[in-house]
Every structure is written in structure tokens, then in C-alpha cells.
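Structure, as C-alpha cells:
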Ligand code: SF4
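Residue numbers (my numbering): 168 to 237.
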């Protein structure tokens, strides 16, 4: 479907300050722990969620989330 190849989520956890914007935009990929800090269950973005994952990463005010080629 996507010609882009798989994307991997790289999180700079110490920089996350828990705004939760990423999880609001793409809750399928970005999860928040009990302190509101972002984590992922699976660092590979599931097919079809690439755009949403990118939007969530771009919306992070702290630039915590990078998406790289898997
Ligand atoms: S938007 Fe950025 S700072 Fe906010 S929870 Fe997500 S990763 Fe953390």
C-alpha cells in the first residue's frame, strides 16, 4: 500500500514533558504512561498509520518523537 517502507519510532524520553498531543493525534501508536510520558508498544508503525504517526510526531512541542526508516 505505502511505497514508503516501514517507519520506526524513536523517542527521546527525557525531553517529553507530557503534553500528550502526540497521543491525542495518533493514539494507535503513541501511548502515555501513568506520568503522561510517551511510550510505544511497538516501535514499528503499523501499515496505514504512517501519516497519522507523522502528524503526531510533528505536533510534539518538544520534538521528542522522530520517525526513521526501519
Ligand atoms: S507531544 Fe511530545 S512532549 Fe507531549 S507527550 Fe507526546 S512526546 Fe511527550
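A virtual CB, placed ideally from N, CA and C, is assigned to each residue, including glycine.
- A residue is called buried once 16 or more other Cβ atoms fall within 10 Å of its Cβ, and residue 217 is buried on that count.
- In the structure shown, residue 192 falls within a helical segment according to DSSP collapsed to helix, strand and coil.
- Relative to the Cα of residue 187, the nearest Cα in the group 230, 215, 213 and 209 belongs to 230.
- For residue 228, the shortest separation between its Cβ and any heavy atom of the ligand SF4 lies below 7 Å.
- Our two residues, residue 208 and residue 175, have alpha carbons roughly 12 Å apart in a direct line.
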